[in-house]
Amino acid sequence: GESVGLHLPTLSVQEGDNSIINCAYSNSASDYFIWYKQESGKGPQFIIDIRSNMDKRQGQRVTVLLNKTVKHLSLQIAATQPGDSAVYFCAEIVSGGYQKVTFGTGTKLQVIP
Amino acid sequence: DAGVIQSPRHEVTEMGQEVTLRCKPISGHDYLFWYRQTMMRGLELLIYFNNNVPIDDSGMPEDRFSAKMPNASFSTLKIQPSEPRDSAVYFCASSLIVVAGGYNEQFFGPGTRLTVL
Chain A
1 GESVGLHLPT LSVQEGDNSI INCAYSNSAS DYFIWYKQES GKGPQFIIDI RSNMDKRQGQ
61 RVTVLLNKTV KHLSLQIAAT QPGDSAVYFC AEIVSGGYQK VTFGTGTKLQ VIP
Chain B
1 DAGVIQSPRH EVTEMGQEVT LRCKPISGHD YLFWYRQTMM RGLELLIYFN NNVPIDDSGM
61 PEDRFSAKMP NASFSTLKIQ PSEPRDSAVY FCASSLIVVA GGYNEQFFGP GTRLTVL
């Protein structure tokens, strides 16, 4: 079946550096892509999303890039801070009456002070 | 709003026992989702409700799992009898109504960590 996967299970980054988390997806029918952040002991928290007709979207310190040609999604975090340490999930949605969300397996981001 | 509330936060039980997990969605949200998270399988959707009605339960593992939503502010996920392989973190999430061609952000609760011995 369709699935969303991540290339890197763990990413260690020095505080202040930029982080890039990658994700591959396989469902070309997906309309939206979302990045979630999950801190230890908490549920996933929405960070940023991007619609399939866009290739870039920026938020506060975060940028999501979408490359539909190779079915690749990335999350860039600028000036990574210790509070960014968490597991990051990409997810895809086929919109409509039922917003079925398919989550990737997650990448753990470790920020080194 | 306090967000999505789940209880208990941790549950340890013995194999064969009945387990009931509880969820209070965000007031005004029309959709409620139950997810299970394990290291092996990641986040899996078990079932979701729209206006208290179960819409899709295809993710429910087997008949031992059941979910109800008696009103707009309360839902339960029950496992009877529980087995060690049910050990996982169970999340409840809620969202507003979905607009045509769009989606609405799902807000997750803190989860219930279930351990079946």
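Residue numbers (this note's numbering), protein chains in the order written: chain A, 1 to 113; chain B, 1 to 117.
All C-beta atoms, glycine included, are put in the ideal place defined by N, C-alpha and C.
Owing to the predicted nature of the structure, the values given are computational and were not obtained by experimental measurement.
Supposed contact pair residue j and residue i - C-beta distance, whole angstroms, cut 8 Å
| i | j | result |
| --- | --- | --- |
| residue 49(A) | residue 25(A) | Incorrect: roughly 13 Å between the Cβ atoms, too far for contact. |
| residue 118(A) | residue 86(A) | Nothing can be reported for residue 118(A), as the shown portion of chain A is limited to 1 through 113. |
| residue 107(A) | residue 11(A) | 6 Å |
| residue 16(A) | residue 80(A) | 7 Å |
Residue i: first and last residue of the uninterrupted beta strand (DSSP E) it sits in
| i | result |
| --- | --- |
| residue 22(B) | 19-24 |
| residue 60(A) | No beta strand (DSSP E) contains residue 60(A), which DSSP labels as neither H nor E. |
| residue 91(A) | 86-94 |
| residue 74(A) | 72-77 |
| residue 67(B) | 65-71 |
| residue 110(A) | 107-112 |
| residue 42(B) | 42-50 |
| residue 11(B) | 10-13 |
| residue 53(B) | 53-56 |
| residue 112(B) | 112-116 |
| residue 103(B) | Segment: none, residue 103(B) is in no beta strand (DSSP E) and carries neither H nor E. |
Distance CB(residue i)-CB(residue j) smaller than 9 Å
| i | j | result |
| --- | --- | --- |
| residue 20(B) | residue 77(B) | yes |
| residue 4(B) | residue 93(B) | yes |
| residue 59(B) | residue 83(B) | no |
| residue 112(A) | residue 74(A) | no |
| residue 107(B) | residue 89(A) | no |
| residue 37(B) | residue 88(B) | yes |
| residue 70(A) | residue 30(A) | no |
Euclidean distance between Cα positions of residue i and residue j
| i | j | result |
| --- | --- | --- |
| residue 92(A) | residue 14(B) | 36 Å |
| residue 5(A) | residue 12(B) | Here the model assigns residue 5(A) a pLDDT of 44, short of 50, so the residue's position is not dependable and the matter cannot be decided. |
| residue 54(B) | residue 35(B) | 14 Å |
| residue 68(A) | residue 28(A) | 8 Å |
| residue 52(A) | residue 113(B) | 34 Å |
| residue 23(B) | residue 51(B) | 15 Å |
| residue 102(A) | residue 80(B) | 27 Å |
| residue 67(B) | residue 82(A) | 38 Å |
| residue 58(A) | residue 116(B) | 43 Å |
| residue 46(B) | residue 100(A) | 11 Å |
| residue 110(A) | residue 8(B) | 29 Å |
| residue 54(A) | residue 43(A) | 27 Å |
| residue 27(B) | residue 109(B) | 13 Å |
9 Å Cβ cutoff, residue i in contact with chain C
| i | result |
| --- | --- |
| residue 11(B) | Of the protein chains in this structure, namely A and B, none is chain C. |
Subject >> Residues from the stretch 11-27 of chain A in contact with chain B, defined by Cβ distance under 7 Å >> reply: Flagged: no residues at all.
**OP:** For the stretch 44-60 of chain B, enumerate the residues whose C-beta is nearer than 9 Å to any C-beta of chain A, in chain order.
**Re:** 44, 45, 48, 50, 55, 56
**OP:** For the stretch 38-50 of chain A, enumerate the residues whose C-beta is nearer than 9 Å to any C-beta of chain B, in chain order.
**Re:** 38, 41, 42, 43, 44, 45, 46, 49
Original post:
Mind listing which residues of the stretch 60-85 of chain A have their C-beta closer than 7 Å to chain B's C-betas, in chain order?
Top reply: none
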